[in-house]
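Engineer:
2 protein chains.
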Amino acid sequence: MPQPSKYIRPLVAVDCLIFGFENQTLKVLLIKRKLEPYQNEWSLMGGFLEGKESADEAAARVLKELTGLEGIFMEQIKTFSKFDRDPAERTISIVYSSLIDVTKFEAQLNHAYEAHWFKLSDIPKLIFDHEEMIAAGRDYLKKKAALQPILFELLAEKFTIPQIQQLYEEVFEASFDKRNFSRKLLGSKLLHKLNEKDKLSSKKGAFYYQLDKKTNHYNFNVLLNLAYSSL
Amino acid sequence: MPQPSKYIRPLVAVDCLIFGFENQTLKVLLIKRKLEPYQNEWSLMGGFLEGKESADEAAARVLKELTGLEGIFMEQIKTFSKFDRDPAERTISIVYSSLIDVTKFEAQLNHAYEAHWFKLSDIPKLIFDHEEMIAAGRDYLKKKAALQPILFELLAEKFTIPQIQQLYEEVFEASFDKRNFSRKLLGSKLLHKLNEKDKLSSKKGAFYYQLDKKTNHYNFNVLLNLAYSSL
DNA sequence: TTTTTTAATTGTCAAATTAACACTTACATT
DNA sequence: AATGTAAGTGTTAATTTGACAATTAAAAAA
Numbered sequence: 001m002p003q004p005s006k007y008i009r010p011l012v013a014v015d016c017l018i019f020g021f022e023n024q025t026l027k028v029l030l031i032k033r034k035l036e037p038y039q040n041e042w043s044l045m046g047g048f049l050e051g052k053e054s055a056d057e058a059a060a061r062v063l064k065e066l067t068g069l070e071g072i073f074m075e076q077i078k079t080f081s082k083f084d085r086d087p088a089e090r091t092i093s094i095v096y097s098s099l100i101d102v103t104k105f106e107a108q109l110n111h112a113y114e115a116h117w118f119k120l121s122d123i124p125k126l127i128f129d130h131e132e133m134i135a136a137g138r139d140y141l142k143k144k145a146a147l148q149p150i151l152f153e154l155l156a157e158k159f160t161i162p163q164i165q166q167l168y169e170e171v172f173e174a175s176f177d178k179r180n181f182s183r184k185l186l187g188s189k190l191l192h193k194l195n196e197k198d199k200l201s202s203k204k205g206a207f208y209y210q211l212d213k214k215t216n217h218y219n220f221n222v223l224l225n226l227a228y229s230s231l
Numbered sequence: 232m233p234q235p236s237k238y239i240r241p242l243v244a245v246d247c248l249i250f251g252f253e254n255q256t257l258k259v260l261l262i263k264r265k266l267e268p269y270q271n272e273w274s275l276m277g278g279f280l281e282g283k284e285s286a287d288e289a290a291a292r293v294l295k296e297l298t299g300l301e302g303i304f305m306e307q308i309k310t311f312s313k314f315d316r317d318p319a320e321r322t323i324s325i326v327y328s329s330l331i332d333v334t335k336f337e338a339q340l341n342h343a344y345e346a347h348w349f350k351l352s353d354i355p356k357l358i359f360d361h362e363e364m365i366a367a368g369r370d371y372l373k374k375k376a377a378l379q380p381i382l383f384e385l386l387a388e389k390f391t392i393p394q395i396q397q398l399y400e401e402v403f404e405a406s407f408d409k410r411n412f413s414r415k416l417l418g419s420k421l422l423h424k425l426n427e428k429d430k431l432s433s434k435k436g437a438f439y440y441q442l443d444k445k446t447n448h449y450n451f452n453v454l455l456n457l458a459y460s461s462l
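Just so you know, the sequences run in chain order U and H. Take the first sequence: its letters are residues 1 to 231, numbered as in the working numbering. Take the second sequence: its letters are residues 232 to 462, numbered as in the working numbering.
The structure is reproduced here in structure tokens:
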């Protein structure tokens, strides 16, 4: 039974990598850190494990604290544990990635944290190893999205084909022929066309679609193929 | 700065999920636990973080301790942190997966641990949440292997096409037509045929192949397609 | 030596999928 | 009524797939 000081007993943090698709761009939500050291520097939203919490529970708590949202898609990405990653105290951090629909929380953004959406190409200097966390999360997102139709979590209930295409292009850092893209996407049988148009981005307007809950037997390889070259 | 007891300070363990392809079968290496509680029960090989070690370093140390091997392919899978996962003491465990060539270490197996290879379909009762770890590792391996030609880490330098096919079939829990399989695999340009045969498994003998280090521009979609239906 | 046995190796073809490519449509604005 | 803009759609050649079975190499047996 390990009692000797040979074994370390670090603090355990969770950090949340919150992805959103805002203004047709893939972004991450960052906050101004409220603790010393590095107070007021940009960082991921995080917190320490408390009481009997598991990391999953802590991450859900932290996400709710910032965004007010619950029941969000969230997955553990990676644990960071370098000795001096936090200069103040030995701390390991379990990083989670969540995909949120920005339209759902915009209003209840907790102003205490001065949260701000940043384009992935425009991340400010971050504390500790948080930049590395973002890189890991981005890689995770690519691979996850290549194997599962997960990016819809980032869109509102109703979305248009050009919006999804834009999102896929952002995630995979590639561009796709729109004729081929929509053919493949609709061929997956995942979507259901609505009788309503989004008129914001064009005069003609683009039809809204919804995820079709009924179908589980989609052809996802169809989407997968999009990702090949960028993986 | 967090000093109050509100925040937990658990022990941090690493557990190593060691995959091997032994006797044409995908297996994991388990040991008989040497610590109380649950002494002599089967478990993954693990250890606690010590001193200034990162989890990556600790995992490499633990792997070497058991197998004598260094420089092995190893990746962090997931961190387990449920409150009561270890009944004796609050412990979180960072699980790593490594793929080893069983022929390379067979000899130096550390007898102190009574290590044994187990088929995935025949895992004994394990301590704590180690069965869940194996399930997570298996899922990881499938997804990883679908996106990257990683399974060669499990084979010796020289291997035959029937061997690789068997391995892929084990990992994806599927079976493939051998004509199509070899056409696709060789089409990837990853392999280099040797002028030497493995005569162990047939009278005719099967030609050995090697990974061709030179080519980075393989068509991996070719392998990926194999995995579709089993993901 | 010949025959048998066993697993490795190889090829074809129809069907499906892909990638490349550009014109038409709907609608608001002028 | 004309214009501008982004949405929406179709064809074709080339490639890839999946389904399918005969041949070959070599050891073992007769």
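The beta-carbon is built from N, C-alpha and C at its ideal position, and this holds for glycine as well. In this text, all values refer to a predicted model and were calculated from it rather than measured experimentally.
Which value, in whole angstroms, describes the spacing of the CA atoms of H:M232 and H:E288?
Structural biologist: In this predicted model, H:M232 has a pLDDT of only 48, less than 50, meaning its place in the structure is not dependable enough to derive any value.
Engineer: Can you pull the DSSP bridge partners for U:F207?
Structural biologist: U:K197, per the DSSP bridge assignment.
Engineer: When you compare only the Cα positions, how much space is there between U:K158 and H:Q379?
Structural biologist: Answer to the nearest angstrom: the Cα atoms are 34 Å apart.
Engineer: Under 9 Å between beta-carbons, which chain U residues line up against H:L242? List them in chain order, please.
Structural biologist: Those are P2, Y7, I8 and R9, listed as they occur along chain U.
Engineer: Under the assumption that U:G47 contacts U:A13 (Cβ atoms under 8 Å), give the Cβ distance between them as a whole number of angstroms.
Structural biologist: That pair is a contact at about 7 Å.
Engineer: Between U:L49 and chain H, is the shortest Cβ-Cβ distance under 8 Å, so that the two count as touching?
Structural biologist: For U:L49, the answer is yes, since a Cβ of chain H falls inside 8 Å of its Cβ.
Engineer: Taking DSSP's pairing of strands, which residues face U:K78 in a bridge?
Structural biologist: U:K78 pairs with U:V95.
Engineer: Could you work out which residues of chain H lie near U:S188, taking near to mean beta carbons separated by less than 9 Å?
Structural biologist: Going along chain H, no residue has its Cβ under 9 Å from U:S188, so there is no contact; the nearest lies around 13 Å.
Engineer: Considering only the alpha carbon of each residue, which of H:E253, H:E272, H:A377 and H:K313 lies closest to U:A55?
Structural biologist: For the residues H:E253, H:E272, H:A377 and H:K313, the minimum Cα distance to U:A55 belongs to H:K313.
Engineer: Step through the CB atoms of chain U and report whether any lies within less than 8 Å of the CB of H:Y269.
Structural biologist: Output row for H:Y269: interface = no.
Engineer: Under 7 Å Cβ to Cβ from U:L44, same chain only, skipping five residues before and after it: list those, please.
Structural biologist: For U:L44, where only same-chain residues beyond five positions count, the Cβ hits under 7 Å are D15, C16, L17, L30, H130 and M133.
Engineer: In the DSSP output, what is U:A13 paired with across the bridge?
Structural biologist: DSSP, once it has assigned bridges, lists U:F48 and U:S93 as partnering U:A13.
Engineer: Could I get the ranges of all uninterrupted alpha helix (DSSP H) runs contained in the stretch 380–413 of chain H, with 4 residues as the minimum, in chain order?
Structural biologist: Fully enclosed alpha helix (DSSP H) runs of 4 or longer: 392–403.
Engineer: Please report how far the alpha carbon of H:L297 lies from the alpha carbon of H:F349, in whole angstroms.
Structural biologist: Cα to Cα, the separation comes out at about 16 Å.
Engineer: Where does U:R33 land, buried or exposed, given buried means 16+ other C-beta within 10 angstroms?
Structural biologist: The residue is buried, with at least 16 neighbouring Cβ atoms inside 10 Å.
Engineer: Nearest by alpha-carbon distance to U:L167: which of U:K78, U:D101 and U:L11 is it?
Structural biologist: Comparing Cα-Cα distances from U:L167 to each of U:K78, U:D101 and U:L11, the minimum goes to U:D101.
Engineer: Is there at least one Cβ from chain U nearer than 8 Å to H:I392's Cβ?
Structural biologist: With 8 Å as the cut-off, H:I392 does not count as an interface residue toward chain U.
Engineer: Under 8 Å, Cβ to Cβ, is there at least one residue of chain H near U:G20?
Structural biologist: Cβ-Cβ to chain H under 8 Å: no for U:G20.
Engineer: Let me know the beta strand (DSSP E) ranges lying completely inside the stretch 325–371 of chain H, each 3 residues or longer, listed in chain order.
Structural biologist: The qualifying runs are 347–350.
Engineer: Could you have a look at U:M1 and say whether DSSP puts it in helix, strand or coil?
Structural biologist: Summary for U:M1: the model assigns pLDDT 47, below 50, so the residue's position carries little reliability; its value from the coordinates is reported in the next sentence. If DSSP states are grouped into helix, strand and coil, U:M1 belongs with coil.
Engineer: In angstroms with no decimal places, state the Cα-to-Cα distance between H:S352 and H:L257.
Structural biologist: The alpha-carbon atoms of H:S352 and H:L257 are separated by roughly 9 Å.
Engineer: Which residue marks the beginning of the alpha helix (DSSP H) containing U:K32, and which one marks its end?
Structural biologist: No alpha helix (DSSP H) contains U:K32, which is instead part of the beta strand (DSSP E) from T25 to K32.
Engineer: Does the beta carbon of U:K143 come closer than 8 Å to any beta carbon on chain H?
Structural biologist: Yes, U:K143 lies at the interface with chain H (some Cβ there is under 8 Å from its Cβ).
Engineer: Can you find the residues in the same chain that come closer than 7 Å, C-beta to C-beta, to H:R414, ignoring five residues on each side of it along the sequence?
Structural biologist: Excluding residues within five positions, none has a Cβ falling inside 7 Å.
Engineer: Would you identify the three-state DSSP class for H:L422, choosing helix, strand or coil?
Structural biologist: Note: H:L422 maps to strand in three-state DSSP.
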